[in-house]
Amino acid sequence: MFRRLVRGIPTQVKRYFWKGTRYTDTHESITVMPDGNVRVGVTEYALDQMGELTYLEYHSGTHEPDESLADLETTKATYDIKIPGKFTVENGQQHTAVNLATRESDRWIVEGKLHDDITNKTMSSEEYLKRLNHDS
Numbered sequence: 002m003f004r005r006l007v008r009g010i011p012t013q014v015k016r017y018f019w020k021g022t023r024y025t026d027t028h029e030s031i032t033v034m035p036d037g038n039v040r041v042g043v044t045e046y047a048l049d050q051m052g053e054l055t056y057l058e059y060h061s062g063t064h065e066p067d068e069s070l071a072d073l074e075t076t077k078a079t080y081d082i083k084i085p086g087k088f089t090v091e092n093g094q095q096h097t098a099v100n101l102a103t104r105e106s107d108r109w110i111v112e113g114k115l116h117d118d119i120t121n122k123t124m125s126s127e128e129y130l131k132r133l134n135h136d137s
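When you line the sequence shown up against the numbering used here, it's residues 2 to 137, in that order.
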């Protein structure tokens, strides 16, 4: 569904992109919350590409840059959630993988503390949308 909507980015799709959120090349979203915690999730585009989600497991503890924070399994493949900075996972979503696919907001998977500045290693929502338009 999302692939067909990327060109022109209609308003109903733009709602999935938050100004304070950063995005990775591999379609993770990284959002700093008001309390300073950081939530890491997957984008609508990634969910569309993955197929039906069947399994979700997050890994507690501190992870070096680009180490897996969580594993998703789908009908098409497995997917590691990772970001380009040191991160401590303190909490993970308690919902099922199926619920993750049907939620229209709050698509985070893990929450915790980010120990590195990742601004130069990630994209703003505007940069991410341009990349999606370029790739489609």
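Just so you know, even glycine gets a beta-carbon here, dropped at the ideal spot from N, CA and C.
Note that the coordinates shown come from a computational prediction; the quantities given were computed from them, not determined experimentally.
Query, Result
"Sub-8 Å separation of E53 and T79 beta-carbons", "no"
"For R132, three-class secondary structure by DSSP", "helix"
"Selected residue, minimal CA-CA separation from T89, among L73, D67, T44", "D67"
"Spatial distance of L130 from S61 (CA atoms)", "31 Å"
"Euclidean distance between Cα positions of S125 and R23", "5 Å"
"Boundaries (first-last residue) of the alpha helix (DSSP H) holding E112", "That residue, E112, is in no alpha helix (DSSP H); its beta strand (DSSP E) goes 109-115."
"Beta-carbon proximity of L70 to V39, cut-off 8 Å", "no"
"Cβ-based burial, Y56 [other Cβ within 10 Å; buried from 16]", "exposed"
"Residues bridged to H64 [DSSP beta-bridge criterion]", "F88"
"M51 (DSSP reduced to helix, strand or coil)", "helix"
"Collapsed DSSP secondary structure at T123 in the structure displayed", "coil"
"Own chain partners of I119 with C-beta closer than 8 Å, once the 5 adjacent residues on each side are dropped", "R23, I31, I84, P85, G86"
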